[in-house]
Amino acid sequence: SAGQKVLASLVIRLALAESLGVNCGVIALDEPTTNLDRENVESFAASLVDIIDSRSRHGNFQLIVITHDEEFVQLLGRSERAEHYWRVSKDLQQHSKVEKCDIADLA
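The sequence shown runs -17 to -1, 1 to 90 under mature numbering (1 follows the signal peptide of the UniProt record, and there is no 0).
In structure tokens form, the structure reads like this:
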């Protein structure tokens, strides 16, 4: 399916980032769940949780995920190391507002 192809592409990119970016502590993903069905989103989140757990033990690691998919963020929260996320929204005057939020609050 198309979703499986997208998931395979994401997994390959993450594997390349893992192997080529050994000394780089940042992985950035922009809307990674677009075109994925729920099953593939869950599988991708589980893979990311494994990466979070593995890379966090070595220190100096940040995962940046730009997404509208709060369920995906909640799935990432299953990692004991992912506790917070930053929500960017607009206030009534259309000014950007950035808030630090607990992943547990998404449940």
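Quick reminder that beta carbons are idealized off the backbone N, C-alpha and C, glycines included.
Which residues bound the alpha helix (DSSP H) around L19? For L19, no alpha helix (DSSP H) run applies, since DSSP gives it neither H nor E.
Quick one, are the C-beta atoms of Q45 and I86 less than 8 Å apart? I86 is positioned such that its CB atom lies no closer than 8 Å to that of Q45.
Rounded to the nearest angstrom, what separates S39 and R21 at their Cα positions? Rounded to the nearest angstrom, the two C-alpha atoms are 26 Å apart.
Can you say whether N18 is buried or exposed, counting buried as having 16 or more other CB atoms within 10 angstroms of its CB? So N18 ends up on the exposed side.
Which word fits N23, buried or exposed, when buried means at least 16 other C-beta atoms lie within 10 angstroms of its C-beta? By the neighbour-count rule (16 or more Cβ atoms within 10 Å), N23 is buried.
Under the assumption that L89 contacts G60 (Cβ atoms under 8 Å), give the Cβ distance between them as a whole number of angstroms. Sure, about 7 Å apart at Cβ, within 8 Å.
Please confirm whether I49 and E25 have their CB atoms less than 8 Å apart. The answer is no: Cβ separation not under 8 Å.
Unbroken alpha helix (DSSP H) run spanning E54, endpoints: E54 -> alpha helix (DSSP H) spans 53 to 59.
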